[in-house]
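Undergrad: Sequential numbering of the sequence shown, starting at 6, is according to my numbering. Beta carbons: idealized from backbone N, C-alpha and C, even for Gly.
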Amino acid sequence: MDSSICLALAIKKYSADEVLSLSFRYGQRHSPELIQAKKISEEWNVDHIELSIDCLQEITDNALMNTDMVIDYTEQVPNTLVLGRNGLMARIAAIHAHSLGAKKIALGVMGLEEANSGYRDCSRRYMNLMEEILRIDLDDESFEVLTPLVDMTKAETMKLADELGVLDYLLENTITCYEGLPKEGCKVCPACKLRNEGILEYRQTQYATSL
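1) Count the other C-beta atoms from every protein chain shown that fall within 10 angstroms of the C-beta of residue 116, then say buried if there are 16 or more, exposed otherwise.
2) Per the DSSP calculation, residue 217 is bridged to which residue(s)?
3) Residues in its own chain within less than 7 Å of residue 59 by CB, not counting five upstream and five downstream?
4) Quick check for students: name the residue ranges of the beta strand (DSSP E) that lie wholly in the stretch 28-58, counting only runs of 3 or more.
5) Given that a residue counts as buried once 16 or more other Cβ atoms are within 10 Å of its Cβ, and exposed if not, what is residue 81?
6) Below 7 Å between beta carbons: does that hold for residue 77 and residue 84?
7) Is it the case that the stretch 6-13 contacts the stretch 171-183, given that we only count it when at least three CB pairs across the two stretches are under 8 Å?
8) With a threshold of 8 Å, are at least 3 pairs of Cβ atoms found where one atom belongs to the stretch 175-195 and the other to the stretch 133-140?
9) Can you tell me which of the three DSSP states residue 20 falls into?
10) Pull up the distance between the alpha-carbon of residue 211 and that of residue 26, whole angstroms please.
11) Please report the straight-line C-alpha distance between residue 86 and residue 186, rounded to a whole angstrom.
12) Kindly indicate which residue of 56, 95 and 28 has the alpha-carbon position closest to the one of residue 139.
13) How big is the Cα-Cα spacing for residue 206 and residue 160?
14) Per DSSP, residue 26 is paired with what?
15) Taking the C-alpha atoms as reference points, what is the distance between residue 105 and residue 192?
16) When the cut-off is 7 Å and only beta carbons count, does residue 177 lie next to chain C?
17) Is residue 23 buried or exposed, if buried means 16 or more other CB atoms sit within 10 Å of its CB?
18) When the Cβ atoms of the stretch 144-154 are set against those of the stretch 43-53, are three or more pairs found closer than 8 Å?
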């Protein structure tokens, strides 16, 4: 959902024909998200491509890719952490953007620990470092990594989606659940909890404001 909010922001700022959406297949158990990403891009008239980084399955093990593992919600950082995933995706996205003559990529990462299950590769610090690395990789000091949600709470992203006029659509069409279930999902995995608590908090704020 966060990436789709970023997509809506990009369309608003640059127009759909100036934006490309990119999805990655890496053996994730919630692969239905890839189908929805393509659908959303098509319905928003944005070009979309899907790339494979399935090699991750050969070099690392975690509950997000290994369906034989039970997702552990009790640890500070869930066992769904895919080591190096965000950095790898950012690098590939940046290389592709550079090949097209683009000067920036946008990532739907959330940097606040309470909004990202403790994934350190979503933090502002990590993204700032990644931007510096990509500028060296691409030999381009002007290249940007945009992270518009990095300092937001989940409820704040819901508010932003509502302001963009896409909240109800995204709640209906995006898949956040680690089990690949639509809408409210399984209601127990970390991703579902964050999403459902975020929308509940935002709806409560809406209700309080209307009183």
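TA: Reading from the atomic positions:
1) buried
2) Not covered by the structure: residue 217. The range shown for the chain is 6 to 216.
3) 30, 31 and 32
4) 52-57
5) exposed
6) Contact: yes.
7) yes
8) no
9) Looking at residue 20 - three-state DSSP - the assignment turns out to be coil, as it is neither helix nor strand.
10) 31 Å
11) 19 Å
12) Taking the Cα of residue 139 as reference, the smallest distance to any Cα among 56, 95 and 28 is reached at 95.
13) 6 Å
14) 53
15) 40 Å
16) The question asks about chain C, but that chain is absent: this structure has only one protein chain.
17) Under the 10 Å beta carbon count, residue 23 is surrounded by fewer than 16 other beta carbons and is classified as exposed.
18) no
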